[in-house]
Amino acid sequence: ARERILGINPNIQVETYETRLTSENALEILKDYDVVVDGTDNFPTRYLVNDACVLLGKPNVYGSIFRFEGQASVFHATEGPCYRCLYPEPPPPGLVPSCAEGGVLGVLPGIIGTMQANETIKLLLGIGEPLIGRLLLFDALKMQFRELRLRKNPDCRICSENPTIKELIDYEAFCGVTQLFDAQDQSEYAIIAEELKEKLESGEGVFILDVREPYEYEIVNIGGYLIPLGDLPNRVHELDSSQQIAVHCHHGGRSQRAVEFLRELGFKKVKNLVGGIDEWAVKIDPSLPRY
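Okay, so the sequence shown: first residue is 12 according to this note's numbering, each after it adds one.
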């Protein structure tokens with residue numbers, strides 16, 4: 012991304028951070044910037060970015076996409092509502108699939124991203140009417156735009172007159188991600204990264220099934236057999252039910268559903284890799300890229 016931006020304009024300075032944005036580093040990283048643009052694809056980071064922007068008094072240029080629809084807004088707590096005013100609580104873990112799980116129309120990120128770029132330029136130049144207090148909805152199939160007026164929530168936990176959140180919190184716990192991992196870990200049909208590593212090294216012949224999307228596989232893989240979750244019902248005949256199978260995805264949500272599906276079909280030796288390939292990269296092979 013840095014090389015692409017500098018290729019367009021070599022006269023600008025681009026700072027890169029080879030680290031994950033966390034509660035420990037977010038305020039330090041974001042404090043020197045005038046505008047924060049949120050292009051993330053998970054609820055913990057969205058709430059983290061929102062809360063950091065509120066605490067720092069920064070505008071948060073928001074964009075979200077799913078399948079054939081997208082939305083954009085500018086959350087600026089000093090002038091209007093924040094993300095928590097619109098979504099006080101995250102959905103239950105696993106209820107809303109990510110873009111990788113649900114898919115997205117290829118041109119949609121560019122469309123919503125361009126809207127975010129437009130809002131950023133307006134904020135920096137002080138021109139036009141930014142999407143503060145407005146949520147712009149886009150339906151690519153109908154080629155229709157809708158606008159919703161947003162109001163500041165007087166009981167918002169972070170941007171109200173009497174906030175209860177005064178510092179960054181544990182956002183994975185807040186969004187139930189850690190509980191999801193705990194549920195995976197406690198299942199008898201789960202396997203942790205260390206245990207899988209031992210089985211592979213001992214030559215037990217564990218079959219690795221990767222249920223992510225092809226583009227994710229290209230980013231990083233551990234040599235598993237690729238069958239995207241959506242294709243699994245039509246390709247289940249490619250699997251041997253008598254074989255030990257370890258299923259993984261990015262974080263463990265999709266693979267957990269794959270294991271449940273395979274168990275219903277009579278697969279007795281199938282287990283879900285807790286935490287997915289991301290956990291494998293953390294615990295087993297730190298050289299693997301994380302996304």
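Heads up, the beta-carbon is just placed ideally off N, CA and C, and yes, glycines get one too.
Model, not experiment: these values are computed from the prediction.
- Contact annotation, residue 65 with residue 88: C-beta distance approximately 4 angstroms; criterion of less than 8 angstroms satisfied.
- Check the Cα spacing between residue 55 and each of 181, 39, 30 and 205: the tightest is with 181.
- Looking only at 19, 59, 268 and 52, the smallest Cα-Cα distance to residue 177 is reached by 59.
- Of the residues assessed, residue 128 falls on the exposed side of the cut-off, its CB having fewer than 16 other CB atoms within 10 angstroms.
- CA-CA distance, residue 139 to residue 248, rounds to 57 angstroms.
- In chain order, 290, 291, 294 and 295 place their CB closer than 6 angstroms to the CB of residue 204, counting only its own chain and leaving out the 5 sequence neighbours on each side.
- Below 8 angstroms, enough C-beta pairs join the segment 273-285 and the segment 201-219 to call them touching: three or more.
- Excluding sequence positions up to five before and after residue 158, its CB lies within less than 8 angstroms of the CB of 145, 146, 147 and 148, all in the same chain and listed in chain order.
- Rounded to the nearest angstrom, the Cβ distance from residue 237 to residue 228 is 5 angstroms, consistent with a contact under 8 angstroms.
- By DSSP's assignment, residue 256 forms a beta bridge with 218 and 281.
- For residue 73, DSSP records a beta bridge to 49 and 84.
- For residue 234, the closest C-alpha among the options 243, 213, 257 and 242 is that of 257.
- Cα atoms of residue 28 and residue 57: separation of roughly 18 angstroms, rounded to the nearest angstrom.
- Note on geometry: alpha-carbon atoms of residue 243 and residue 274 lie some 13 angstroms from one another.
- C-alpha of residue 42 to C-alpha of residue 245: approximately 49 angstroms in a straight line.
- If you draw a straight line from the Cα of residue 172 to the Cα of residue 165, it comes to about 7 angstroms.
- Secondary structure note for residue 155: its beta strand (DSSP E) is the uninterrupted segment 155-160.
- Distance from the CA of residue 40 to the CA of residue 72, rounded to the nearest whole angstrom, comes to 16 angstroms.
- Following the DSSP letters along the chain, one finds residue 166 in no beta strand (DSSP E), marked with neither H nor E.
- For the 8 angstroms CB-CB criterion, residue 151 and residue 100 do not form a contact.
- Judged by their CB atoms, residue 254 and residue 218 are nearer to each other than the 8 angstroms cut-off.
- Non-local C-beta neighbours of residue 120 in its own chain, meaning closer than 7 angstroms and more than five positions away in sequence, comprise 76, ordered along the chain.
- With a contact defined as Cβ atoms closer than 8 angstroms, residue 74 and residue 49 qualify at about 7 angstroms.
- Residue state for residue 293 is assigned as helix, using DSSP reduced to three classes.
- Under a 10 Å Cβ-count criterion, residue 130 is classified as buried, with 16 or more other Cβ atoms of the shown protein chains found around its own Cβ.
- Membership of residue 272 in the alpha helix (DSSP H) is indicated by the continuous run 264-275.
- Between the C-alpha atoms of residue 160 and residue 216 there is a straight-line separation of about 57 angstroms.
- Residue pairing by DSSP leaves residue 28 without any beta bridge partner.
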